[in-house]
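Colleague:
Number of protein chains: 2
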Amino acid sequence: MRVSRQLLVTLREVPADCEIASHQLLVRGNFIRRVASGIYAYMPMMWKVLKKITCIVEEEMAAADCLETLLPQLHPSELWERTGRWEGYTQGEGIMFHLKDRQGRDLGLGPTHEEVATSLAKELIRSYKQLPVCIYQIQTKFRDEIRPRFGLMRSREFIMKDAYSFHSNEKNLKEKYDVMNNAYRRIFARCGIETVAVDADSGAIGGSASQEFMVTANSGEDLILISTDGLYAANQEKATSIAPEAKDLEYLEESYISTPNQNSINELCSKQDLDPSQIVKVIIYLAIFDDETEQPILISIRGDQEVNDIKLSNFLEINLNKKIVSLSTLSQEKLVSQGIKEIPFGSIGPDLKDLVLEGAKSWENKFLRIADHTAADLKKFVCGSNKLNSHRICISWESSGGLPQKADIRKANPGDRCVHDSKVRLIAKRGIEVGHIFQLGRKYSEALEANFTNEEGINEPYWMGCYGIGISRLAQAAVEQHHDDSGICWPLAIAPFEVIIVPANNTNETQRKLSEQLYKNLLEVGIDVLLDDRDERAGVKFKDADLIGIPWRIVIGRDSENGNVELVERAKKKTLLLSFEQATQKLLEEICLKKG
Amino acid sequence: MRVSRQLLVTLREVPADCEIASHQLLVRGNFIRRVASGIYAYMPMMWKVLKKITCIVEEEMAAADCLETLLPQLHPSELWERTGRWEGYTQGEGIMFHLKDRQGRDLGLGPTHEEVATSLAKELIRSYKQLPVCIYQIQTKFRDEIRPRFGLMRSREFIMKDAYSFHSNEKNLKEKYDVMNNAYRRIFARCGIETVAVDADSGAIGGSASQEFMVTANSGEDLILISTDGLYAANQEKATSIAPEAKDLEYLEESYISTPNQNSINELCSKQDLDPSQIVKVIIYLAIFDDETEQPILISIRGDQEVNDIKLSNFLEINLNKKIVSLSTLSQEKLVSQGIKEIPFGSIGPDLKDLVLEGAKSWENKFLRIADHTAADLKKFVCGSNKLNSHRICISWESSGGLPQKADIRKANPGDRCVHDSKVRLIAKRGIEVGHIFQLGRKYSEALEANFTNEEGINEPYWMGCYGIGISRLAQAAVEQHHDDSGICWPLAIAPFEVIIVPANNTNETQRKLSEQLYKNLLEVGIDVLLDDRDERAGVKFKDADLIGIPWRIVIGRDSENGNVELVERAKKKTLLLSFEQATQKLLEEICLKKG
Chain C
18 MRVSRQLLVT
28 LREVPADCEI
38 ASHQLLVRGN
48 FIRRVASGIY
58 AYMPMMWKVL
68 KKITCIVEEE
78 MAAADCLETL
88 LPQLHPSELW
98 ERTGRWEGYT
108 QGEGIMFHLK
118 DRQGRDLGLG
128 PTHEEVATSL
138 AKELIRSYKQ
148 LPVCIYQIQT
158 KFRDEIRPRF
168 GLMRSREFIM
178 KDAYSFHSNE
188 KNLKEKYDVM
198 NNAYRRIFAR
208 CGIETVAVDA
218 DSGAIGGSAS
228 QEFMVTANSG
238 EDLILISTDG
248 LYAANQEKAT
258 SIAPEAKDLE
268 YLEESYISTP
278 NQNSINELCS
288 KQDLDPSQIV
298 KVIIYLAIFD
308 DETEQPILIS
318 IRGDQEVNDI
328 KLSNFLEINL
338 NKKIVSLSTL
348 SQEKLVSQGI
358 KEIPFGSIGP
368 DLKDLVLEGA
378 KSWENKFLRI
388 ADHTAADLKK
398 FVCGSNKLNS
408 HRICISWESS
418 GGLPQKADIR
428 KANPGDRCVH
438 DSKVRLIAKR
448 GIEVGHIFQL
458 GRKYSEALEA
468 NFTNEEGINE
478 PYWMGCYGIG
488 ISRLAQAAVE
498 QHHDDSGICW
508 PLAIAPFEVI
518 IVPANNTNET
528 QRKLSEQLYK
538 NLLEVGIDVL
548 LDDRDERAGV
558 KFKDADLIGI
568 PWRIVIGRDS
578 ENGNVELVER
588 AKKKTLLLSF
598 EQATQKLLEE
608 ICLKKG
Chain H
18 MRVSRQLLVT
28 LREVPADCEI
38 ASHQLLVRGN
48 FIRRVASGIY
58 AYMPMMWKVL
68 KKITCIVEEE
78 MAAADCLETL
88 LPQLHPSELW
98 ERTGRWEGYT
108 QGEGIMFHLK
118 DRQGRDLGLG
128 PTHEEVATSL
138 AKELIRSYKQ
148 LPVCIYQIQT
158 KFRDEIRPRF
168 GLMRSREFIM
178 KDAYSFHSNE
188 KNLKEKYDVM
198 NNAYRRIFAR
208 CGIETVAVDA
218 DSGAIGGSAS
228 QEFMVTANSG
238 EDLILISTDG
248 LYAANQEKAT
258 SIAPEAKDLE
268 YLEESYISTP
278 NQNSINELCS
288 KQDLDPSQIV
298 KVIIYLAIFD
308 DETEQPILIS
318 IRGDQEVNDI
328 KLSNFLEINL
338 NKKIVSLSTL
348 SQEKLVSQGI
358 KEIPFGSIGP
368 DLKDLVLEGA
378 KSWENKFLRI
388 ADHTAADLKK
398 FVCGSNKLNS
408 HRICISWESS
418 GGLPQKADIR
428 KANPGDRCVH
438 DSKVRLIAKR
448 GIEVGHIFQL
458 GRKYSEALEA
468 NFTNEEGINE
478 PYWMGCYGIG
488 ISRLAQAAVE
498 QHHDDSGICW
508 PLAIAPFEVI
518 IVPANNTNET
528 QRKLSEQLYK
538 NLLEVGIDVL
548 LDDRDERAGV
558 KFKDADLIGI
568 PWRIVIGRDS
578 ENGNVELVER
588 AKKKTLLLSF
598 EQATQKLLEE
608 ICLKKG
């Protein structure tokens with residue numbers, strides 16, 4: 018391809034509405050153009066990048082025995098109603114674009130395809146003999162983000178690879194999950210990007226085990242915790258760790274202390290010469306469930322630790338077997354609207370009586386009581402006395418109403434020791450999620466009554482897995498991980514072109530002829546090469562080449578009269594002066610041999 | 018690929034809701050599955066067909082210097098408002114799905130991309146030096162069809178290739194149009210389907226010249242007229258021809274004749290012993306324009322000919338330079354609602370006085386008078402006298418108010434002689450439109466103020482062309498053209514697999530081993546082969562192979578003990594008994610050599 022035919026329009030200045038480097042560079046290099054908020058056109062070079070990624074994904078999916086399909090983008094509402102997701106996805110904060118057609122029927126624009134894939138499987142798969150099956154597609158999906166940002170990172174139209182597997186038993190599902198896990202690692206490695214696989218929360222998709230693949234980058238939206246030995250990594254929402262040791266509480270008799278104006282852990286510690294790890298902090302949450310019950314929850318956690326709302330939410334859903342609609346800490350206003358006045362915020366103890374809930378209008382009148390392990394493990398501790406301006410010291414669980422149900426609901430933190438090896442600590446990194454694999458179990462097959470006949474002739478719902486990769490996001494994440502001050506440094510495998518030939522002066526006959534000759538030679542051996550045939554100054558062409566990030570550049574300048582050219586490795590900014598033949602040979606080695 | 022992993026689920030019976038053969042066969046062979054009305058999932062084998070077509074299209078587009086992109090599917094309403102198409106596409110009979118996002122902004126689901134492509138060009142192309150440029154994409158588009166039918170033929174989600182070219186002058190546009198025309202012919206030929214290129218009406222897209230590519234098939238929705246010498250073809254909407262000669266009217270004096278109950282041409286002819294070609298038929302149309310004028314139109318046409326509404330509509334729009342909102346013949350009810358009573362339907366002559374329109378509420382009070390050439394060319398004719406039950410005989414244009422504006426507004430018919438050669442006649446075929454190319458001119462660039470600076474430094478709008486192929490429709494049209502009673506006969510280049518190996522009895526060790534060996538051999542030389550490794554009866558496997566239409570089948574049966582296999586050519590139902598080696602050699606010749 019020749020630059021003169023490539024519609025190469027680059028910007029020197031940084032576009033105003035682009036916050037992160039990868040977004041800026043993709044716009045400046047004319048890889049993407051904004052058409053509306055969160056909606057982008059993929060320009061010719063970007064499309065080449067996306068196709069190269071797609072090709073790698075297709076090869077690895079085929080190797081993992083997945084069948085490629087293309088499923089509809091318009092989904093009938095009935096399908097989503099049967100899994101109970103239509104309302105959540107379309108009402109209030111729902112992120113599914115939806116419309117009525119000319120017949121007045123509701124349709125949604127697919128943000129994910131569990132419903133469609135499962136309903137197809139239901140029609141096609143009748144017997145265990147047909148299992149396992151895995152279908153996938155690479156397609157544009159839609160999310161009505163309220164605040165689209167960072168270019169392709171959080172856009173409203175984006176390209177996903179999503180796969181759905183169907184199994185006759187859980188063991189087989191787990192085997193496939195491992196196969197896909199390995200396929201994902203190969204895909205990202207082949208794309209030339211570094212990723213970390215982390216334990217993740219399953220969120221709105223649901224299911225049991227799930228793992229996210231994160232491209233590490235400082236601008237990443239997700240905080241991930243990684244063990245320094247590389248053996249453990251998790252999203253902070255999901256991460257577990259060993260909490261730091263609590264400081265011993267000097268032996269004292271159980272007693273009351275007066276604590277005026279000591280309503281926070283910090284105030285209490287500084288006035289009473291205590292360490293936060295000696296205190297049991299009590300927080301009241303209100304959970305509203307899908308059966309419309311409103312449950313006050315009394316959480317005890319060590320004073321130096323924080324509650325992880327996602328862990329708490331998952332714990333509640335699993336233990337109570339119902340779905341949470343909202344979860345938040347209790348505020349004074351909510352008390353008033355319930356007709357409750359006397360909760361002594363700042364001095365609450367784990368044994369706060371259920372009596373305080375008496376007369377509440379819509380709340381349950383008993384607390385659900387949960388203690389995080391950090392609190393539960395304390396033999397003696399300081400806590401509120403349930404009277405304003407008063408705490409108890411050297412108290413035990415026995416003398417404060419007994420130990421409630423224990424749970425891991427604390428936020429793991431960088432610096433914590435690891436569960437798998439207490440000598441190893443967690444460090445924090447930021448990451449960009451580019452893949453997510455789930456063991457869905459039977460959630461969707463049960464909802465859609467998608468059954469098969471097992472070996473005993475009995476009908477049962479499939480076991481399912483689902484496996485996503487954000488193709489367009491991955492392309493931008495690669496830029497976020499691979500760029501410098503001059504522009505993008507595309508990994509070779511997904512670069513829009515592998516080599517760019519730049520005649521320093523295109524009006525010089527020798528340079529022009531040699532460039533054309535080299536262009537022809539490289540095309541013949543199957544190298545994806547771009548020839549900058551513009552009559553621009555050399556400096557302009559070099560700047561553009563740096564910006565668009567082609568991995569190898571050959572500069573054909575004055576010294577070409579002596580048969581010499583410059584070979585520049587973009588990422589390393591390393592320049593070699595080589596003969597024409599040496600340069601060609603070097604490119605063959607670096608590119609063709611690696612492609613195999 | 019092995020059948021056991023392919024999710025091959027075939028139906029023996031014809032599905033109830035499928036009207037045409039290709040739709041039935043694609044459903045029966047599990048190529049497509051209906052998810053909602055007019056919305057289909059492309060199953061694994063269909064996706065392979067679509068990818069093979071896509072690959073051919075991409076190669077030919079690259080050869081025609083087109084750059085591949087991917088444009089958004091969600092379009093902001095503002096863009097379509099600027100070209101004046103938002104209302105027409107979203108209100109009333111509008112076929113654009115549309116919705117409001119969470120910010121309350123209107124978005125449409127792209128049925129076509131002139132607005133998006135032109136607005137991108139406007140941002141990127143400033144100078145004639147950057148022209149010409151042609152961008153294209155292959156993508157799912159949407160149309161809210163009120164009556165989706167025939168499977169992928171008229172579906173609500175469908176895959177299109179659409180290209181948009183930008184030029185600095187009309188000559189350059191016409192050159193590109195020719196290049197694309199040739200590229201289209203190569204694409205269809207390479208896909209193995211026969212098409213006819215026909216002159217077409219430009220419809221809602223607009224522009225001057227346009228050509229449709231039709232797959233000929235009896236179930237086609239479009240009537241096309243083709244000259245027997247193959248040099249001319251046109252959609253009936255657009256076709257021109259030489260009308261049959263009129264019968265001479267025996268010389269007589271101009272006179273009135275009484276014609277009670279002779280209100281139709283047929284009645285008049287049989288009672289008066291006339292030929293329809295001797296009569297001037299007068300029809301009144303009412304055209305409503307976008308400037309809200311309502312214009313009565315008095316059409317004169319020879320009694321044996323019919324008015325072509327599309328030709329009439331185009332003639333009016335070009336001559337009056339405004340857009341038609343509706344065009345229909347006048348009815349008695351409309352007269353009454355305008356307060357007009359006395360139009361002598363059945364006896365109207367070309368000289369009907371404008372006076373009859375006097376007092377009309379909203380209509381213009383003068384007729385626009387048009388004579389089709391067939392009527393204008395008559396020296397003497399029979400026509401109504403503008404009085405009930407009375408006609409005039411042997412009248413001339415001079416004595417009937419003078420010749421009005423002439424136009425070609427008649428429907429061409431099969432049997433008519435051709436304009437390019439009067440010795441050649443037109444025949445009718447039915448066709449399925451799979452491609453359409455347009456010279457758009459400056460319609461969109463003017464509306465969106467998409468300008469470039471020409472060589473003289475003056476700003477002017479681009480010249481544009483656009484070029485579409487219905488990829489998913491083409492796949493089904495190929496089936497409509499290539500099938501028999503047993504199933505599909507895919508053309509080799511777009512077949513889901515090139516060869517299917519069928520061991521007659523998979524439990525027979527010799528047959529199984531030989532099948533596996535052949536499978537391996539063919540894969541190694543790059544043949545796309547399917548192995549039917551199921552433990553089914555041979556008859557079931559043969560029926561499935563016929564249904565799904567793989568071009569070559571190798572049957573490994575009892576005679577394989579002697580090293581012999583059967584090679585079956587699906588389309589010709591021709592069977593050869595060959596040695597294992599001969600069969601392999603024959604396949605290499607038929608497949609690999611043709612691929613080059």
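Chains as they are written, first to last, in my numbering: chain C, 18 to 613; chain H, 18 to 613. Where a beta carbon is used, it is the ideal one built from N, C-alpha and C, also for glycine.
(1) Does DSSP put C/K117 in a helix, a strand or coil?
(2) Does H/Y302 come within less than 8 Å of chain C when only Cβ atoms are used?
(3) Identify every residue that forms a DSSP beta bridge with C/M177.
(4) In terms of DSSP beta bridges, what is C/C286 paired with?
(5) Looking only at DSSP bridge pairs, what is C/E586 linked to?
(6) Taking the runs of the beta strand (DSSP E) that are 3 residues or longer, which of them lie wholly in the region 283 to 340 of chain C?
(7) Can you tell me which of H/E450, H/P513, H/S227, H/N523 puts its alpha carbon nearest to the alpha carbon of H/D195?
(8) Mind checking the region 95 to 127 of chain C against chain H and listing, in chain order, the residues whose C-beta falls within less than 7 Å of any C-beta there?
(9) Is the separation between the beta-carbon of H/I301 and that of H/I314 shorter than 8 Å?
(10) Flag this pair as yes or no: are the beta carbons of C/A250 and C/I243 separated by less than 8 Å?
(11) Between the C-alpha atoms of C/D615 and H/L24, what's the straight-line distance to the nearest angstrom?
(12) Going along chain H in order, which residues have a C-beta closer than 7 Å to the C-beta of C/W64?
(13) Please go through the region 77 to 114 of chain H and give each complete alpha helix (DSSP H) segment of 4 or more residues, from N-terminal end onward.
(14) Pull up the DSSP beta-bridge partners for H/R166, would you.
(15) Is it true that the CB of C/L84 sits closer than 8 Å to the CB of C/C151?
(16) With contact counted as at least three CB pairs below 8 Å, one residue from each stretch, are the region 255 to 275 of chain C and the region 452 to 467 of chain C in contact?
(17) What whole-angstrom Cβ distance do H/S144 and H/F469 have, given they're in contact under 8 Å?
(18) If you scan the region 334 to 389 of chain H from start to end, which runs of the beta strand (DSSP E) of 3 or more residues do you find wholly inside it?
(19) Are H/T592 and C/M60 close, meaning C-beta to C-beta below 8 Å?
(20) For my contact list, H/E132 and H/T100 are in at a C-beta cut-off of 8 Å; report their separation, rounded to the angstrom.
(21) Return helix, strand or coil for C/G448, following the three-state DSSP convention.
(22) With a Cβ-Cβ cutoff of 8 Å, do H/G543 and H/C435 count as a contact?
(23) Short of 8 Å Cβ to Cβ, which residues in the region 445 to 471 of chain H face chain C?
(24) Can at least three beta-carbon pairs, one atom from the region 310 to 327 of chain C and one from the region 287 to 295 of chain C, be found at a separation below 8 Å?
(25) Is the beta carbon of H/H408 less than 8 Å from the beta carbon of H/V399?
(26) With 9 Å as the C-beta to C-beta threshold (strictly closer), list the residues of the region 396 to 430 of chain C near chain H in chain order.
(27) Going by the DSSP bridge assignment, what does C/S417 pair with across the sheet?
(28) How is the beta strand (DSSP E) around C/M231 delimited, first residue to last?
(29) Got a sec? Which residues, its chain only, sit under 6 Å from H/L595 by beta carbon, not counting five neighbours each side?
(30) Could you name the residues that DSSP lists as bridge partners for C/S182?
(31) Three-state secondary structure (DSSP) at H/Q23?
(32) Using 8 Å as the Cβ pair cut-off and three pairs as the minimum, do the region 161 to 176 of chain C and the region 107 to 116 of chain C touch?
(33) C/C506: buried (16+ other C-beta within 10 angstroms of its C-beta) or exposed?
(34) Would you call the region 476 to 485 of chain C and the region 41 to 48 of chain C in contact, with 3 or more CB pairs under 8 Å?
(35) Is H/R50 close to chain C, meaning its C-beta is less than 8 Å from at least one C-beta of that chain?
(36) State the DSSP-derived secondary structure class of C/K428, mapped to helix, strand or coil.
Modeller: In terms of the structure at hand:
(1) Here residue 117 of chain C refers to the residue found at position 100 when the first sequence is read from its first residue. Looking at C/K117 - three-state DSSP - the assignment turns out to be strand.
(2) For this step, residue 302 of chain H is matched to residue 285 along the second sequence. Not one chain C Cβ lies under 8 Å of H/Y302.
(3) To locate residue 177 of chain C, count along the first sequence from 1; it is residue 160. Answer is C/Q156, C/G487, bridged to C/M177.
(4) Translated into positions along the first sequence, residue 286 of chain C becomes position 269. Paired residues: none, contrary to the question.
(5) Translated into positions along the first sequence, residue 586 of chain C becomes position 569. According to DSSP, which records beta bridges pairwise, C/E586 is partnered with C/W569, C/K591.
(6) DSSP runs (the beta strand (DSSP E)) wholly in the region 283 to 340 of chain C: 297 to 306, 311 to 319.
(7) Along the second sequence, read from residue 1 onward, the residue named residue 195 of chain H stands at position 178. Check the Cα spacing between H/D195 and each of H/E450, H/P513, H/S227, H/N523: the tightest is with H/S227.
(8) So the close ones are F114, H115, L116, D118, R119.
(9) Along the second sequence, one-based indexing puts residue 301 of chain H at 284. Along the second sequence, one-based indexing puts residue 314 of chain H at 297. Contact: yes.
(10) Numbered from its first residue, the first sequence carries residue 250 of chain C at position 233. Numbered from its first residue, the first sequence carries residue 243 of chain C at position 226. Cβ distance < 8 Å, so C/A250 and C/I243 count as in contact.
(11) Residue 615 of chain C lies beyond the residue range present for chain C, which begins at 18 and ends at 613; the question has no answer from this structure.
(12) Locating residue 64 of chain C in the first sequence gives position 47, counting from the first residue. Result: E85, T86, L87.
(13) List check, alpha helix (DSSP H) in window: 94 to 99, 103 to 107.
(14) Counting from 1 along the second sequence, the entry for residue 166 of chain H is found at position 149. Answer by DSSP bridge pairing, in chain order: H/R171.
(15) Reading the first sequence from its first residue, position 134 is the one you call residue 151 of chain C. Reading the first sequence from its first residue, position 67 is the one you call residue 84 of chain C. In this structure, C/L84 lies closer than 8 Å to C/C151 by Cβ.
(16) As far as the Cβ criterion goes, the region 255 to 275 of chain C does not touch the region 452 to 467 of chain C, which means the pair count is below three.
(17) Within the second sequence, the letter at position 127 stands for residue 144 of chain H. Within the second sequence, the letter at position 452 stands for residue 469 of chain H. Contact holds; Cβ gap of about 6 Å.
(18) Taking 3 residues as the shortest admissible run, the region 334 to 389 of chain H contains the following complete beta strand (DSSP E) segments, listed from N- to C-terminal end: 341 to 346, 385 to 389.
(19) Numbered from its first residue, the second sequence carries residue 592 of chain H at position 575. Numbered from its first residue, the first sequence carries residue 60 of chain C at position 43. It is not a contact, given that the beta carbons lie outside the stated cut-off.
(20) On the second sequence, residue 132 of chain H is found 115 positions in, with the first residue counted as 1. On the second sequence, residue 100 of chain H is found 83 positions in, with the first residue counted as 1. Their Cβ separation, rounded to whole angstroms, is 6 Å, which keeps H/E132 and H/T100 in contact under 8 Å.
(21) Here residue 448 of chain C refers to the residue found at position 431 of the first sequence. When DSSP states are grouped into helix, strand and coil, C/G448 belongs to the strand group.
(22) As a first step, residue 543 of chain H must be located in the second sequence, where it is residue number 526. As a first step, residue 435 of chain H must be located in the second sequence, where it is residue number 418. Pairing H/G543 with H/C435 gives a Cβ-Cβ distance that is not under 8 Å.
(23) Listed in sequence order: no entries.
(24) Touching, per the Cβ criterion.
(25) On the second sequence, residue 408 of chain H is found 391 positions in, with the first residue counted as 1. On the second sequence, residue 399 of chain H is found 382 positions in, with the first residue counted as 1. Here H/H408 is near H/V399, since their CB atoms are less than 8 Å apart.
(26) Those residues of the region 396 to 430 of chain C placed with their C-beta closer than 9 Å to a C-beta in chain H do not exist.
(27) Here residue 417 of chain C is taken as the residue at index 400 of the first sequence, counted from 1. BP columns for C/S417 are empty, so no partner.
(28) Taking the first residue of the first sequence as 1, we reach residue 231 of chain C at position 214. Per DSSP, C/M231 belongs to the beta strand (DSSP E) from 227 to 233.
(29) By one-based count along the second sequence, residue 595 of chain H stands at place 578. Residues of the same chain with a CB within less than 6 Å of the CB of H/L595, apart from the 5 flanking positions on each side, are L584 in chain order.
(30) For the purposes of this step, residue 182 of chain C is taken as residue 165 along the first sequence, with counting starting at 1. Beta-bridge pairing links C/S182 to C/C151, C/G482.
(31) The sequence position of residue 23 of chain H within the second sequence is 6, counting from 1. Looking at H/Q23 - three-state DSSP - the assignment turns out to be coil, as it is neither helix nor strand.
(32) Counting Cβ pairs under 8 Å, three or more are found: they touch.
(33) One-based indexing of the first sequence puts residue 506 of chain C at position 489. That one is buried.
(34) Contact check between the region 476 to 485 of chain C and the region 41 to 48 of chain C: fewer than three CB pairs, one atom from each, fall below 8 Å, which does not count as touching.
(35) Taking the second sequence and counting its residues from 1, one reaches residue 50 of chain H at position 33. Yes, its Cβ sits closer than 8 Å to a Cβ of chain C.
(36) If you number the first sequence from 1, residue 428 of chain C lands on position 411. It is coil, neither helix nor strand.
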